[in-house]
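Below is one structure, written out as structure tokens, with a few remarks after it.
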């Protein structure tokens with residue numbers, strides 16, 4: 224299905240970094256859901272470059288909703304959102320020399336040289352602006368159903384934030400944070416480490432931790448649409464994400480069953496687990512605990528140091544020095560994209576499970 | 224789509240651990256592909272319990288191909304494979320007490336008590352026997368196109384194997400291995416550590432490393448069907464897998480771009496990368512290098528130690544001691560399942576890309 | 224998606240006429256639905272050849288439910304039904320000579336000669352036995368929700384039945400009919416006309432009329448999953464169906480808007496239409512009136528008269544005389560197949576609309 | 224999947240009649256295909272109202288391609304086309320009174336009153352403008368592969384055109400026709416009959432006949448994605464289409480097998496059929512003959528005569544006189560929409576069959 228994800232609620236994305244516009248179509252969302260444009264603005268602001276750790280190239284993201292909203296509420300028909308690209312004057316690109324760790328060469332092999340290579344084209348992180356705009360509508364709808372989603376930077380450039388503890392409180396903390404960390408000092412330490420890499424003409428990556436609360440137990444499928452399956456499927460679209468682990472994740476390899484198994488207990492009449500090493504999912508199905516996972520984001524591929532590469536047009540070795548200004552780290556900006564993608568997956572799962580009108584009820 | 228995965232080539236699974244039979248339907252596979260039943264037998268043998276580190280409960284897996292094969296070759300129509308369950312006499316289960324880290328409680332919330340709970344029902348690892356049988360046909364077809372897939376145990380119970388080095392040679396090494404490790408001594412060390420856990424009435428997990436070679440550059444999609452998306456989607460169906468990382472994975476969080484970026488070069492007229500930190504995938508699309516990823520497998524949930532749990536029928540706390548004999552570790556048996564799932568994803572991707580007849584050409 | 228149809232509830236079919244077995248997998252059906260095997264038997268009996276107007280080759284259709292049913296109720300996991308083929312000894316087929324109006328030549332072009340050609344292989348009407356078995360479960364579940372589906376032979380071999388009048392009463396009439404017609408005398412007239420064709424070594428077709436009652440208004444989609452879209456998609460799988468018209472259908476071409484438009488009125492507080500020229504569907508969405516449509520079934524292609532054809536192996540003209548005994552008309556047997564397919568489409572639509580558990584509530 | 228159709232090539236539509244804009248996203252089209260905007264213009268012109276038989280409300284359809292085209296060629300990534308709505312000032316609508324044979328009431332039941340009812344909203348024929356723009360690109364690409372698609376008005380308001388005879392010549396005739404008929408005089412007779420209905424404040428429907436040539440034998444699936452299935456699925460999205468018949472269609476009900484069966488013969492080394500009663504499709508798969516089908520279009524629901532209806536808000540009877548100017552017949556304008564939808568289905572089928580790059584090769 225390529226640029227579309229989701230079954231009962233789906234998202235289709237289109238656009239290139241330096242084309243006319245980027246955009247997204249949300250389909251299947253229940254009618255009667257209020258569309259709060261200030262929420263869309265706020266979410267887009269989180270994704271927008273800010274301060275010294277991001278690219279200085281800032282776009283206003285002046286989105287337009289072309290369809291699917293009437294009198295401020297969803298109609299139940301597709302919501303098309305378009306964000307014009309403001310700066311489509313592209314300087315001359317050295318097309319044909321692969322930027323290491325970018326999609327230049329793999330895209331060339333797929334599209335045979337017809338790809339719009341300017342600014343990364345359809346592979347650009349720019350596309351995520353439409354995902355964030357669409358995600359804002361979904362996040363808002365989910366919150367009205369008691370479902371909250373939040374992501375913070377667990378690790379960046381060797382600096383760590385504390386993991387989620389009291390998930391509800393922590394999510395509240397993150398809701399309006401422009402640099403999503405939980406621990407005092409984490410932002411400063413990370414910022415400094417990012418700037419250090421920047422000064423070296425280099426870049427850094429990190430680990431994001433996400434929590435989703437408020438989903439009933441009993442959602443998801445054992446084969447093949449486990450909650451892990453759907454979240455990872457959607458999240459691995461985000462450029463730079465190269466790993467995902469649920470609950471205790473890779474640390475489970477060093478545990479024994481007696482440590483890893485989440486003991487159950489009844490608290491206030493509700494069945495919960497004492498630990499959450501399974502990240503809220505058993506057998507692919509939610510168990511009522513928060514869904515928890517970590518994603519690793521690789522260092523931004525665009526660095527200003529000279530790199531060894533090839534011209535795939537001439538099929539020969541060719542050194543490369545990437546000009547221009549780039550994000551030395553995208554971890555901060557990626558958080559809101561992860562939240563948006565999660566909103567899509569969760570909204571779709573719940574609509575499949577409880578029917579078309581569920582999110583508006 | 225629940226129990227079906229794949230677009231141009233799809234796999235549908237059905238069955239419960241103690242029901243009449245389990246099975247799978249492969250659809251979309253090209254006509255004219257030889258079906259080598261000895262390969263199916265060999266793959267099923269790899270999955271079957273063996274020795275002291277696996278459950279002593281062994282089934283013969285006497286599969287039947289009901290359709291889609293004629294004169295020893297695929298017809299192009301659905302291939303249905305059925306494997307009868309041999310021992311369907313179930314002892315009395317303590318239905319209603321959740322086994323920690325199992326799907327008992329989440330399944331109950333989803334299926335409202337109508338689920339076939341015997342032996343894990345549809346959540347049972349038993350289902351993977353049909354996936355392995357189906358996967359054998361696909362692996363065979365892929366090999367004729369020069370594509371190889373192999374998985375070894377990188378880590379288990381604190382014991383490590385060496386990672387892939389010369390991938391082609393290592394895959395050859397694994398092809399007929401009954402305990403897939405690369406390094407001399409790894410099998411013994413892991414076996415001993417597993418047995419130690421078993422003696423303690425406990426279980427262990429581990430990390431599996433997989434390599435896929437021979438896929439052309441240019442396969443996969445940037446949004447949303449990246450190669451990482453499709454592999455993770457399918458692999459997270461396997462019970463116990465809680466994390467996946469491609470290439471250098473979570474280690475990328477501690478690298479800088481200058482270390483992480485895979486430099487490119489032309490060798491013998493072919494564009495390759497010096498390192499493979501991106502696991503053969505850039506922007507969701509293959510770059511011609513081996514696809515490499517690791518999966519973490521959590522410790523087998525069934526342990527003989529007493530555990531704290533609940534009766535979800537009576538909604539009260541309830542200690543649980545799981546009787547019977549279980550695998551103290553499933554990492555060895557999981558390897559062939561991972562390979563089979565990969566074969567499905569890769570066969571599907573190639574058929575989408577190059578057309579229905581590609582695998583038979 | 225080939226041999227699978229449906230989104231929230233799906234059906235996968237497999238098998239060849241002379242292979243080991245045929246079968247079907249229903250996925251997505253709610254848990255807790257009673258599975259009444261006597262209903263399955265009764266539906267299969269309707270499809271089975273009977274009397275002089277059908278082929279004398281009768282199979283017992285001894286189906287087995289392999290999975291998805293536990294203690295007589297659906298578990299919510301895939302229901303696999305297998306029906307072994309009893310008489311798989313195939314006489315020598317003249318493979319390579321296309322039977323006119325059959326799929327022999329088109330199948331050869333698709334499957335390159337690897338198709339199982341015996342008895343029509345995967346194209347055989349035999350496959351519909353599994354659809355009828357699966358459909359019986361769905362029809363039963365739908366009836367408990369007040370939804371009824373029925374089909375009668377409106378026309379066959381020049382003989383007509385009266386169209387539906389009082390739909391509810393007419394559906395009750397059809398429920399246990401072995402030769403589904405509404406008017407006294409229609410069966411005899413049709414039988415006689417079919418036998419006449421048979422005596423001539425020839426065959427006949429006809430028109431089936433179907434009604435579906437009890438579906439709420441507001442189900443279906445304007446683009447592209449209109450109720451007409453989904454029904455026609457699924458129904459055009461049935462071999463021999465070459466046309467479908469909803470409501471007044473092709474007769475609308477000769478009406479003016481003032482005649483064709485269905486006037487609305489409120490009766491007993493409920494909005495209904497005076498006529499039903501739109502067949503219960505406006506803008507692709509149910510309007511609460513019975514869904515009504517007609518399908519045309521072409522004359523059975525297998526006739527005993529000599530026909531002009533070709534050898535597609537030798538690429539030359541070749542006369543053909545089809546041996547063996549065939550149905551001179553399949554219209555009667557097709558009725559229950561149409562009902563079964565409708566049950567799938569309707570169950571899927573309702574599950575999408577109202578959620579996974581709807582049919583069990 | 225709602226507003227998206229297609230597997231390897233898909234089309235997503237969005238928009239409402241009086242919203243900001245309508246649009247479409249084509250995904251999966253091969254890279255390197257020339258996009259001829261004059262062809263898009265020409266196709267849109269065919270759909271645009273003209274002369275006295277159409278609505279006098281004409282919009283310029285000034286479409287914009289936002290993505291997926293670079294240097295005049297497709298990039299292989301999604302092509303988003305947006306057509307702003309020019310006249311979005313809506314006069315006061317009598318919302319709540321159902322226009323007979325329109326989707327007002329069924330939409331209300333589905334969307335609970337949140338639907339954008341102005342001008343038919345998402346149900347409006349206006350949406351087909353984006354389908355035609357998208358279809359123009361696909362038709363162009365198909366023609367370069369030797370595939371031609373054309374539709375004429377076989378019948379309208381009691382006046383008939385001759386059916387296709389020499390299909391290739393007839394398609395050439397239709398290519399640039401603004402009133403697609405084959406026989407001299409048909410246009411005048413139909414125009415006069417339409418105007419007569421218009422004078423009576425009434426409307427008329429008709430039958431469209433479509434031919435598709437140049438598709439190889441062997442495309443399509445027996446279950447469930449027969450060529451008939453996919454074409455009918457997509458075509459039944461077009462408002463007003465209430466029936467479809469392939470080949471001889473409903474006339475097959477009155478034939479015997481010996482008449483209906485298409486005899487085969489070898490001509491110039493190529494296997495063809497003497498008649499084409501099966502419309503180029505056997506067993507759901509193309510047989511190399513032209514694909515032929517008829518669609519019935521119901522009379523335009525909007526007429527100026529007073530009609531009996533209901534207020535679904537007040538749940539009471541309510542007479543209705545529809546004001547404004549409407550098409551007394553949409554058959555002419557529907558032809559190019561049918562062609563566009565066929566292009567989508569055929570492009571998708573061929574891309575599935577022969578791979579992603581096929582249409583550009």
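Chains as they are written, first to last, in our numbering: chain S, 224 to 584; chain Z, 224 to 584; chain H, 224 to 584; chain X, 224 to 584. Heads up, the beta-carbon is just placed ideally off N, CA and C, and yes, glycines get one too. In this text, all values refer to a predicted model and were calculated from it rather than measured experimentally.
Using a 10 Å radius around the Cβ and a threshold of 16 neighbouring Cβ atoms, would you call residue 283 of chain X buried or exposed? exposed
Anyone know if the C-beta pair for residue 574 of chain X and residue 245 of chain X falls short of 8 Å? no
Nearest to residue 248 of chain S (by Cα), restricted to the options S/286, S/259, S/269 and S/261: S/286
Per-residue contacts from residue 323 of chain S into chain Z (C-beta, under 7 Å): 484, 485, 486 and 487
By the criterion of Cβ-Cβ separation under 7 Å, what are the contact partners of residue 213 of chain Z in chain H? In this structure chain Z extends from 224 to 584, so residue 213 of chain Z is not present and cannot be described.
Chain X contact residues for residue 420 of chain H, given Cβ-Cβ distances below 7 Å: 479
Quick check on the DSSP output: the beta strand (DSSP E) that includes residue 494 of chain S runs from which residue to which? 493-496
Rounded to the nearest angstrom, what separates residue 443 of chain X and residue 578 of chain Z at their Cα positions? 13 Å
With a threshold of 16 other CB atoms inside 10 Å of the CB of residue 388 of chain H, please say whether the residue is buried or exposed. exposed
Evaluate the contact criterion for the segment 256-273 of chain H versus the segment 355-363 of chain H: three or more CB pairs, one atom per stretch, below 8 Å. yes
If we count the other Cβ atoms within 10 Å of its Cβ and call it buried at 16 or more, is residue 463 of chain X buried or exposed? buried
Between the segment 451-468 of chain H and the segment 464-474 of chain X, can you find at least three pairs of beta-carbon atoms closer than 8 Å? yes
For residue 533 of chain H and residue 488 of chain X, believed in contact at Cβ under 8 Å, the rounded distance: 6 Å
With a Cβ-Cβ cutoff of 8 Å, do residue 430 of chain H and residue 377 of chain H count as a contact? yes
Beta carbon of residue 325 of chain H nearer than 8 Å to that of residue 505 of chain X: yes
Within a Cβ cutoff of 7 Å, which residues of the same chain sit near residue 559 of chain H, ignoring the five residues on either side of it in sequence? 266, 269, 270 and 355
Per DSSP, what kind of secondary structure is residue 263 of chain H in: helix, strand or coil? helix
With a threshold of 16 other CB atoms inside 10 Å of the CB of residue 407 of chain S, please say whether the residue is buried or exposed. exposed
Over the uninterrupted alpha helix (DSSP H) stretch that includes residue 276 of chain Z, give me the two end residues. It is not in any alpha helix (DSSP H) - residue 276 of chain Z carries neither H nor E in the DSSP assignment.
Top-ranked residue by Cα proximity to residue 307 of chain S, from S/276, S/237, S/331 and S/294: S/237
Using a Cβ-Cβ cut-off of less than 9 Å, give me the residues of the segment 280-304 of chain H that come near chain Z, in sequence order. 287, 288, 289, 290, 291, 292, 293, 294, 296, 297, 298, 299, 300, 301, 302 and 303
Mind pulling the chain S residues with CB within less than 9 Å of residue 250 of chain X? 224, 225, 226, 227, 235 and 237
In three-state terms, what does DSSP make of residue 295 of chain X? coil
Rounded C-alpha distance that separates residue 385 of chain S from residue 539 of chain S: 47 Å
Cβ closer than 8 Å: which chain H residues qualify as neighbours of residue 533 of chain X? 487, 488, 489 and 494
Between Z/434, Z/330, Z/318 and Z/415, which lies nearest to residue 552 of chain Z when the distance is taken from Cα to Cα? Z/415
By alpha-carbon positions, which one of Z/347, Z/332 and Z/519 ends up nearest to residue 576 of chain S? Z/332
Classify residue 303 of chain S: buried if its beta carbon has 16 or more other beta carbons within 10 angstroms, exposed otherwise. buried
Could you work out which residues of chain Z lie near residue 246 of chain H, taking near to mean beta carbons separated by less than 7 Å? 289 and 303
What are the residues that DSSP puts in a beta bridge with residue 519 of chain H? H/430 and H/466
Can you tell which of H/255, H/339 and H/381 has its C-alpha closest to the C-alpha of residue 479 of chain X? H/381
Please report the straight-line C-alpha distance between residue 428 of chain S and residue 243 of chain X, rounded to a whole angstrom. 40 Å
Could you check whether the Cβ of residue 332 of chain Z sits closer than 8 Å to any Cβ belonging to chain S? yes
Where do the ends of the alpha helix (DSSP H) carrying residue 397 of chain S lie? 390-398
Alpha carbon of residue 513 of chain H to alpha carbon of residue 372 of chain H, nearest angstrom: 10 Å
For the beta strand (DSSP E) holding residue 303 of chain S, just list the boundary residues, first then last. 302-307
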